[in-house]
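What follows is one structure encoded as structure tokens, with my remarks underneath.
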Amino acid sequence: RDDAVHRKSQAGLKISSNKSLVSLLLSNISPNVKASDIIYLLSLYVDLQGLSYRDQYAYAYVPNRSQATFAIRELNFRVIGGQPIQVRIAYPFYVTANIAKPTIPRERPWLKPYCWRFLVSNIHPEEPLKQVTDLFRRFGRPIFSFRNATKPSSGWVLLETDHHWTTITEKLNKKGGVIVTICGDADFNPFVVDDQVVEEKRPAEVPTSLYVSKASTLSLDASDLAYLFGLYAEVVGVHINRDYAFVTVKSQSQAVQAVHELNGRFVGGPTLPPLEVSLSKDTGSNLCFDLPPIRERPDLSEPIWGFVVKNIDPEVPFEQVRQLFLRFGTICWSVRHANRTYGSVFLQTSHHWRTVGTKLDGVKLGGHRLSVFQSMRFSCTDVMTQVTTCCNGSRGVFVCMRPVDLVIRRTMMENYRLLFESF
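Using the working numbering, read the sequence shown as starting at 3 and increasing by one per residue.
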């Protein structure tokens with residue numbers, strides 16, 4: 003860090019006349035955390051001389067660098083108010099005018115224990131997440147754990163403990179083959195997650211709301227949603243809006259099961275968007291207990307999953323790829339891209355997508371190992387091409403285009419003209 007540049011950029015700030023006073027920058031502070039919480043937390047470890055609190059960040063002033071270092075060790079990446087704060091020494095050292103030593107607030111015992119969020123990787127895809135969570139129990143109380151739905155080999159564990167995170171990672175790393183690291187990112191969960199394990203935080207039988215986005219595009223009314231979610235949970239209410247819906251089920255464990263079974267499933271065939279189901283962030287205000295009459299829809303009971311297959315040998319007929327999927331169910335629709343190295347398969351099956359993906363991912367076909375994973379993209383979002391071999395041995399090109407709002411740029415038309423001419 004070039005301190006000279008920083009001095010110029012901070013020229014308007016008042017430099018501390020007390021050379022021993024060190025400024026700490028606390029960032030990524032949750033909106034739920036008050037200035038008094040930060041003051042109390044810092045007072046547990048340092049002789050706090052002052053605090054300048056802003057929106058989601060703060061400057062804290064401590065007597066010397068050794069105390070600043072100790073505060074960083076104890077507070078950096080510590081989860082407070084639902085997200086990890088980040089602590090570092092601010093450059094250059096400065097204080098605002100007329101900074102006063104704060105009054106230490108009353109005792110706040112809930113802030114005394116550590117709360118760390120750990121990233122766990124190298125998890126076996128078929129291993130239950132509970133086994134990973136159990137590794138953390140001897141260090142404290144797991145508040146919850148998540149598994150990445152798109153990458154089952156990784157997940158997160160939030161742990162309340164009396165141990166520092168360095169002690170826990172040192173003892174757990176490589177234990178059972180997993181890799182444990184501290185996770186201090188603000189946005190740690192960009193994907194929909196399931197397999198959530200909730201400990202004593204909430205009673206098991208509390209009604210939980212599920213958020214269903216884009217429900218209107220799927221032509222599913224409240225009765226259809228009640229039937230579909232009722233296959234995996236006890237539905238107590240459905241509230242449907244123009245663009246989304248809330249489905250309330252009896253317990254959080256049932257809600258997690260519904261997310262596991264329904265998120266990413268195609269219920270109207272591959273030409274309609276898939277279901278997007280997640281636990282509602284604000285469950286309390288979204289609970290509904292108005293249960294509509296349930297309409298039987300046997301056509302919704304068997305899942306349709308979308309898969310992308312990559313690293314296909316260009317010389318291997320796509321029919322051989324299709325045969326791999328036929329072991330698990332009926333293929334509704336499939337397509338091979340014009341470059342012949344990848345394609346999409348939509349499969350109606352009684353198996354979960356993870357079962358199919360785990361068994362087919364890495365299968366060797368024609369000298370190439372296939373890469374198979376779930377896709378939540380429906381078939382008509384793109385202009386796609388399929389190259390097949392006709393009965394007489396000649397090749398034909400079939401173009402699948404979106405049936406509505408079809409817009410093809412002139413450059414794309416030129417590319418397809420050249421493609422047709424090549425055959």
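All C-beta atoms, glycine included, are put in the ideal place defined by N, C-alpha and C. Just so we're clear, the structure is a prediction, and the values are computed from it rather than from any experiment.
Beta-carbon proximity of residue i to residue j, cut-off 9 Å
{"i": "L26", "j": "A73", "result": "yes"}
{"i": "L293", "j": "V237", "result": "yes"}
{"i": "G52", "j": "Y42", "result": "no"}
{"i": "Q322", "j": "L362", "result": "no"}
{"i": "T183", "j": "F120", "result": "yes"}
{"i": "G364", "j": "V310", "result": "no"}
{"i": "L281", "j": "T210", "result": "yes"}
{"i": "R75", "j": "H166", "result": "yes"}
{"i": "N124", "j": "S155", "result": "yes"}
{"i": "I31", "j": "I82", "result": "yes"}
{"i": "T360", "j": "N313", "result": "no"}
{"i": "M378", "j": "G270", "result": "no"}
{"i": "F348", "j": "P272", "result": "yes"}
{"i": "Y61", "j": "S54", "result": "yes"}
{"i": "I226", "j": "L302", "result": "Note that residue 226 is Asp in the sequence shown, not Ile. Result yes, Cβ atoms of D226 and L302 sit closer than 9 Å."}
{"i": "V134", "j": "V180", "result": "yes"}
{"i": "I474", "j": "L50", "result": "For residue 474 there is no data in the structure shown, the boundaries of the chain being 3 and 425."}
{"i": "N341", "j": "P316", "result": "yes"}
Helix, strand or coil at residue i according to DSSP, with G and I counted as helix
{"i": "S155", "result": "coil"}
{"i": "E172", "result": "helix"}
{"i": "R426", "result": "Given that the chain is displayed from residue 3 to residue 425, the structure contains no residue 426 and the question cannot be resolved."}
{"i": "E278", "result": "strand"}
{"i": "F120", "result": "strand"}
{"i": "Q85", "result": "strand"}
{"i": "I91", "result": "strand"}
{"i": "H262", "result": "helix"}
{"i": "R371", "result": "strand"}
{"i": "V35", "result": "coil"}
{"i": "L23", "result": "coil"}
{"i": "R110", "result": "coil"}
{"i": "T135", "result": "helix"}
{"i": "R149", "result": "strand"}
{"i": "T105", "result": "coil"}
{"i": "C392", "result": "Interpretation of C392 is limited by its pLDDT of 31, a score under 50 that renders its predicted location unreliable; no figure is taken from the coordinates."}
Integer-rounded CB distance, given that residue j should sit under 8 Å from residue i
{"i": "F248", "j": "L212", "result": "7 Å"}
{"i": "I296", "j": "Y229", "result": "5 Å"}
{"i": "L161", "j": "F138", "result": "5 Å"}
{"i": "G232", "j": "T250", "result": "In fact, because the Cβ distance is near 12 Å, the residues do not count as touching under 8 Å."}
With three or more C-beta pairs closer than 8 Å as the rule, is the segment 137-147 touching the segment 82-94?
no
Is the segment 255-264 touching the segment 324-331, taking contact as three or more C-beta pairs under 8 Å?
no
At which residue ranges does the segment 50-81 contain complete beta strand (DSSP E) runs of 3 or more residues, listed in the order of the chain?
52-55 and 59-64
Can you list, in chain order, the stretches of the alpha helix (DSSP H) that have 4 or more residues and sit fully within the segment 200-257?
224-232
Going along the chain, which unbroken runs of the alpha helix (DSSP H) with 4 or more residues stay wholly within the segment 280-353?
285-288 and 320-328
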